[in-house]
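Report on the structure given below.
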Amino acid sequence: MSTPAEQIHRSIAARTPLICAVTEGDERIETLMQDLAGRAFSKPVPFYRWTLSDGMTQGGKPVEDAPRDAELALAWAAGRSEVAFYLFHDLHHRILSDIGIVRRLKDVYQRFRPTYSCLVFSSPTLHLPAELTTITLVVDMGLPGPDELDALFARTASPNKQLAPSLASLPADVKQQILAAAMGLSYPEAERAFRRSLVGKNTIDASVPRTIFEEKQQFIKKSGIMEFVEAGIRLEDIGGMKMLKDWLVKRQTLFSEEAREFGLSLPKGVLMTGISGCGKSLFVKAIASFWNLPLLRLDMSKIYGGSFGSPEEAFLKAAHTAEAVTPCVLWIDEIEAGISVQGFKAEGGAASRVLGSFLTWMQEKKGFVFVAATANAIDLLPAEVLRKGRFDEIFFVSLPTKEERKQIFRIHMSTRKNNPDDFDLNLLAHGTKGFSGAEIEQAIVSAMFEAFSEKRPLQQRDIMIALDRTVPLSVTMQEQIKKIEHWAYNRAARASEKEQE
0 MSTPAEQIHR SIAARTPLIC AVTEGDERIE TLMQDLAGRA FSKPVPFYRW
50 TLSDGMTQGG KPVEDAPRDA ELALAWAAGR SEVAFYLFHD LHHRILSDIG
100 IVRRLKDVYQ RFRPTYSCLV FSSPTLHLPA ELTTITLVVD MGLPGPDELD
150 ALFARTASPN KQLAPSLASL PADVKQQILA AAMGLSYPEA ERAFRRSLVG
200 KNTIDASVPR TIFEEKQQFI KKSGIMEFVE AGIRLEDIGG MKMLKDWLVK
250 RQTLFSEEAR EFGLSLPKGV LMTGISGCGK SLFVKAIASF WNLPLLRLDM
300 SKIYGGSFGS PEEAFLKAAH TAEAVTPCVL WIDEIEAGIS VQGFKAEGGA
350 ASRVLGSFLT WMQEKKGFVF VAATANAIDL LPAEVLRKGR FDEIFFVSLP
400 TKEERKQIFR IHMSTRKNNP DDFDLNLLAH GTKGFSGAEI EQAIVSAMFE
450 AFSEKRPLQQ RDIMIALDRT VPLSVTMQEQ IKKIEHWAYN RAARASEKEQ
500 E
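In structure tokens form, the structure reads like this:
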């Protein structure tokens, strides 16, 4: 795929003079246009920059005869005979409501079309009036790639003379770690992360990529729509789900070159449905830990909040961020909150466009982004999401069997410094039919509080009392659970082996 610089260069060569650059920051498009002004033709051409605060500038200095007003500045540019490049910031605030700005941009298009001059206007989101859609080339700057990040890191480090020797002889593995840590950041975010990682440094060492990655976690968390999640869950920390664990283990070798030569492609993702509290979210964390990949969580309900542009823009922004962090696991929790049949009625066309964006991205996503989606009400998902091949597999996570409940008791007791062999696990498992893993865990915690308050060790009786006080979801939501089980029958693979009780 062409880079933004290549797209703009081709547009200039084809005499397409009006370009909208969708970008979050100013510096990246400014650097790009300044570079093109110097190399697009046999001789450099003038490069002008306009902002609401500075007016028209060239080389950082004000252009005396250029009006400061946006509409008049556009007219000034359209009236000039020299071939030049113009970059206008801050027009997106007025472009949808000010017919004067739209008219001037149309004038620029008409005046520049016979020449090689071009005018680029930047915007953080894509919103164009109908009059401009047919005459404007849209270039999505996206997130900076490895080459841009490499150049930015060098520029950030070069003013510090003490870093010059280590920058000149930077080991390839450390350089790769730095670039990998910065992937997924916007241009200004990467610059800030680089600056922070180099504060007080006399040499570039392994701590630099660690600091950059910490900064990336903060930036993505502050975005509000996605967050890094500390996985920290091993497969052995989860009771039961043998079939799902076997499925995951078999796919570990798909990352090898031998798998590529055999003709196997990388796994796309897995969709897990089932009763709340049975370990779907835990297993997503275990996937990331098992494959030693970073875990990103996307809150689908937030894409309709309006804080991140239109719903489809918000989804694509999150998806592109995940692609930039590749390889990674993208956790879409409660996917039906953002893509559901009911959502089509409530959100109208927006929900349909999000579905279309999701399906297209799943088919064409770049790099290795393993999508681990969970759903409590999978019957709300449209058929397009569930068709074979969209996900590698759909698993039904049911209430744990007796043997799995024994494993769950053993795991939670060991985690909380109790010896499982001191308890009758068979009796406990027999008495918790219909309990979820989360309900068993909470019963153990409640029992431990009782024992701790009386300053004595945990006893079997404490757990039995806590269990007796618990009304499981299998009772309070019996109809809903039967509905989920009915849907999953012959539609989804079982995460656990069949009950042997």
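If you read the sequence shown in numbering that gives the first Met the number 0, its first letter stands for residue 0, the second for the next number, and so on.
By construction, the Cβ of each residue, glycine as well, lies at the ideal position given by its N, Cα and C atoms.
Bear in mind that the values here come from a model prediction, so they are computed numbers and not experimental data.
message: With the cut-off set at 9 Å, would you say residue 394 and residue 234 are in Cβ contact?
response: no
query: Which class does residue 56 belong to by DSSP, given the choice of helix, strand or coil?
result: strand
field: First through last residue of the beta strand (DSSP E) which encompasses residue 372
entry: 368–374
- prompt: Between the beta-carbon of residue 326 and the beta-carbon of residue 366, is there less than 9 Å?
  reply: yes
message: Quick check on DSSP: helix, strand or coil for residue 296?
response: strand
- prompt: How about residue 225 and residue 281: do their beta carbons lie closer than 9 Å?
  reply: no
message: Could you check whether residue 359 and residue 334 sit closer than 9 Å to each other, using their CB atoms as the reference points?
response: no
- prompt: Out of curiosity, what's the CA-to-CA distance linking residue 117 and residue 84?
  reply: 5 Å
query: In chain order, what residues of the same chain lie with their CB nearer than 7 Å to the CB of residue 131, ignoring the 5 residues before and after it?
result: 101 and 104
query: Which residues in the same chain have their Cβ closer than 7 Å to the Cβ of residue 313, if we skip the five residues on either side of it in sequence?
result: 224, 302 and 307
message: According to DSSP, is residue 7 part of a helix, a strand, or is it coil?
response: helix
task: Taking all protein chains shown into account, decide if residue 38 is buried (16 or more other Cβ within 10 angstroms of its Cβ) or exposed.
output: exposed
- prompt: Just curious, the alpha helix (DSSP H) that residue 268 is in, first and last residue?
  reply: Run containing residue 268: none in the alpha helix (DSSP H); it sits in the beta strand (DSSP E), 268–273.
query: Whose C-beta lies closer than 6 Å to the C-beta of residue 323 among residues of the same chain, with five residues either side of it excluded?
result: 142, 182 and 183
field: Residue environment, residue 436, which counts as buried when at least 16 other CB atoms sit within 10 Å
entry: buried
task: Tell me, to the nearest whole angstrom, how far the beta carbon of residue 369 is from that of residue 268; I am working on the premise that it is less than 8 Å.
output: 6 Å
query: For the putative contact between residue 495 and residue 239, defined by C-beta atoms under 8 Å, what is the C-beta separation to the nearest angstrom?
result: 5 Å
- request: Using alpha carbons as the reference points, say which of 272, 291 and 67 lies closest to residue 479.
  value: 272
query: Is the distance from the Cβ of residue 329 to the Cβ of residue 371 below 9 Å?
result: yes
- prompt: Just how far apart, CA to CA, sit residue 300 and residue 440?
  reply: 28 Å
query: Can you name the start and end residues of the alpha helix (DSSP H) that residue 189 belongs to?
result: 186–197
- prompt: Less than 9 Å separating the beta-carbons of residue 207 and residue 177?
  reply: yes
task: Compute the Euclidean distance between the alpha carbons of residue 462 and residue 221, then round it to the nearest angstrom.
output: 41 Å
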